[in-house]
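Participant: Sending over a structure as structure tokens; questions will come in a sec.
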Amino acid sequence: MDFDPGQIFSFQRCNLGLVATSHQLYAETALLPYKLGSFKKFLHRPEAPWEVYVRAFIGRRSEEQLRAMGEEFEVVGWDPKTRDNRPYWGTGVQWADAFAKDDVEALCPEWYRRRVGEI
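Whatever position you read off the sequence shown (first residue = 1), add 6 for the numbering used here.
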């Protein structure tokens, strides 16, 4: 039997076809949950600030994942000042920017801030 060095790297001979396919499938589909999904969190826990949980979630996302998130990242968090649930929403990139600037209030819609007399 002759030795063919090209067969060492053959997917069929080394049974690596599934690994290559899985890698390709992952590369092609990894962002789909972020592109197609909507992220809605209702965090009503006065004893624990909701920002901690959302900041941790956003902090674990890659730049690609944050860019893939559309306008569907919505959080309703407890506001101790108004003693009410306060809405916030934006894209993944907007959330990351708001946390970087410590300005989550920028994601609270104007209609709500007007309703509670902040503007």
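For every residue, glycine included, the Cβ atom is placed at its ideal position computed from N, Cα and C. Remember, it's a predicted structure, so these values are computed and weren't measured experimentally.
1. Decide if the stretch 62-82 is in contact with the stretch 43-50; the criterion is three or more beta carbon pairs, one per stretch, under 8 Å apart.
2. Out of Cys114, Thr97, Leu42, which has the shortest C-alpha to C-alpha gap to Glu1?
3. Could you tell me whether the Cβ atoms of Leu72 and Ala102 are closer together than 9 Å?
4. Taking the alpha carbon of Val99 as the reference point, which residue from Arg92, Leu113, Asp90, Pro86 has its own alpha carbon closest?
5. Quick check: the Cα distance between Arg119 and Ile125, rounded to an integer number of angstroms?
6. Quick one: grab the DSSP three-state call for Gly65.
7. Val99 lies in the alpha helix (DSSP H); which residues open and close that run?
8. For Tyr32 and Leu38, what's the separation of their Cα atoms in angstroms?
9. Whole-angstrom Cβ separation of Thr88 and Val122, contact assumed at under 8 Å?
10. Helix, strand or coil: which one does DSSP assign to Lys46?
11. Can you grab the Cα-Cα spacing for the pair Ala74 / Glu34, in whole Å?
Facilitator: Considering the structure as presented:
1. yes
2. Limits of the chain in this structure are 7 at one end and 125 at the other, which puts residue 1 out of reach.
3. With respect to the 9 Å criterion, Leu72 and Ala102 are classified as neighbours on the basis of their beta carbons.
4. Leu113
5. When rounded, the distance between both Cα atoms is 6 Å.
6. DSSP places Gly65 within a helical segment (H, G or I) once states are collapsed to three.
7. 98-106
8. 10 Å
9. 5 Å
10. Lys46 falls in the strand class under three-state DSSP.
11. 13 Å
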